[in-house]
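Here the UniProt record's numbering is used: the first residue of the sequence shown is 1, the next is one more, and so on.
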Amino acid sequence: MEIPRWSYFLFWATIGVVFSRLGFNALDKTELSNAVPPPVLSFFKHSLAISTAYSSIHAFLFSPPRKPINKWILLYAVIIWIVIYYPVSTQEGPDHKTALIAHLAVGSSMLLVGDRKKFLPCAVSSIALLISVPCLAMSENETFHKLMRLVARANTVVLSLKEKSGKLTEFAVGMVGTILFQNFFRLTSFNHVVAFLYFAVGWLANLALLRPSDDLGIFNFLLSNVVVGCTVSQFGLRPTTWLVYGGSILLFGLRLKIQALTLVDNGEEDQVIVL
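Below, the structure written as structure tokens:
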């Protein structure tokens with residue numbers, strides 16, 4: 001079965017936008033902000049918002065490359081920023097405004113250039129700037145400053161592990177991350193479960209748009225927290241528990257199906273996704 005490339009990307013881009021916003025709204029209704037340090041929560045929210053925005057734009061710009069960029073794609077990019085990115089970047093204080101302006105400048109130049117080779121370095125630099133500036137501004141702890149430098153140095157180690165044992169690393173990060181998260185920040189209400197379920201769907205949309213070989217266990221981490229959190233908060237196997245378990249199995253099955261998809265050229269102007 002073949003479907004047009006643009007309809008496939010438009011569907012998953014819309015899913016990513018909608019469920020990311022639903023996840024942020026659900027997260028704001030919980031008391032997680034009282035238990036999680038502001039820099040950690042800021043890191044999580046900014047990372048997910050930026051990844052959703054970039055993956056949606058990347059799919060339309062670079063699969064296949066488009067030059068010049070269609071005006072409707074630019075309009076779609078602006079809508080992505082307004083719906084997801086801007087609220088997340090401004091709701092936690094004025095310290096985010098500088099990072100917001102810098103990031104929009106880098107992102108705009110990336111869109112205007114439309115060069116696939118320049119996409120990754122632009123994305124990495126702007127994401128690092130957006131995340132590090134608010135975190136460093138909000139934290140006066142010297143230990144946290146040292147931790148940020150340590151994370152930067154650990155990047156080469158992560159890339160090495162990804163090349164050597166990607167699947168094992170993906171499983172380990174998802175499992176260890178879930179254990180640590182549940183140990184320090186327990187999901188004690190069904191609202192937490194709903195928020196992480198929305199985030200899992202949003203991240204699945206990112207994977208569908210970018211189709212990477214692995215994601216270092218991020219999807220497993222989100223989905224595992226859904227299952228574990230649902231077990232803790234809804235112990236007793238209530239109907240909502242089974243509903244969440246079924247949804248988790250469905251999402252994992254979709255993840256495997258997405259990995260098997262291929263993008264082919266059918267000889268026309270556009271490309272198609274083979275299911």
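A virtual CB, placed ideally from N, CA and C, is assigned to each residue, including glycine.
Since this is a predicted model, take the numbers as computed values, not measurements.
Work out the CA separation of residue j and residue i for me, nearest whole Å.
{"i": "P4", "j": "P38", "result": "42 Å"}
{"i": "I80", "j": "F196", "result": "21 Å"}
{"i": "F190", "j": "A260", "result": "33 Å"}
{"i": "W6", "j": "S51", "result": "19 Å"}
{"i": "F19", "j": "L48", "result": "11 Å"}
{"i": "S42", "j": "T30", "result": "15 Å"}
{"i": "A26", "j": "E2", "result": "36 Å"}
{"i": "P239", "j": "L251", "result": "18 Å"}
{"i": "K45", "j": "R255", "result": "22 Å"}
{"i": "V40", "j": "D28", "result": "15 Å"}
{"i": "I258", "j": "G246", "result": "18 Å"}
Whose C-beta lies closer than 8 Å to the C-beta of residue i among residues of the same chain, with five residues either side of it excluded?
{"i": "L209", "result": "F9, W12, A13, G16, S55, S56, H58 and A59"}
{"i": "F171", "result": "G217 and N220"}
{"i": "R211", "result": "I258, Q259, L261 and L263"}
Who are the Cβ neighbours of residue i in its own chain at under 6 Å, not counting the five residues just before and after it?
{"i": "W242", "result": "none"}
{"i": "L32", "result": "none"}
{"i": "Y76", "result": "none"}
Compute the beta-carbon to beta-carbon distance between residue i and residue j, rounded to the nearest angstrom, for a pair I have assumed lies under 8 Å.
{"i": "F181", "j": "G23", "result": "Not a contact, Cβ separation roughly 15 Å."}
{"i": "G217", "j": "G253", "result": "No, G217 and G253 are not in contact; Cβ-Cβ is about 18 Å, not under 8 Å."}
{"i": "V244", "j": "V193", "result": "6 Å"}
Applying the criterion that 16 or more other CB atoms from any shown protein chain within 10 Å of the CB defines a buried residue, is residue i buried or exposed?
{"i": "L207", "result": "buried"}
{"i": "F184", "result": "exposed"}
{"i": "I249", "result": "exposed"}
{"i": "S224", "result": "buried"}
{"i": "A35", "result": "exposed"}
{"i": "V176", "result": "exposed"}
Considering only the beta carbon of each residue, do residue i and residue j sit closer than 8 Å?
{"i": "L204", "j": "F221", "result": "no"}
{"i": "residue 284", "j": "T262", "result": "Lying before the first or after the last residue shown, residue 284 is absent from the chain, which here runs from 1 to 275."}
Which residues in the same chain as residue i place their Cβ atom closer than 7 Å to its Cβ, once the five residues preceding and following it in sequence are excluded?
{"i": "V226", "result": "V193, F196, L197, A200, V244 and S248"}
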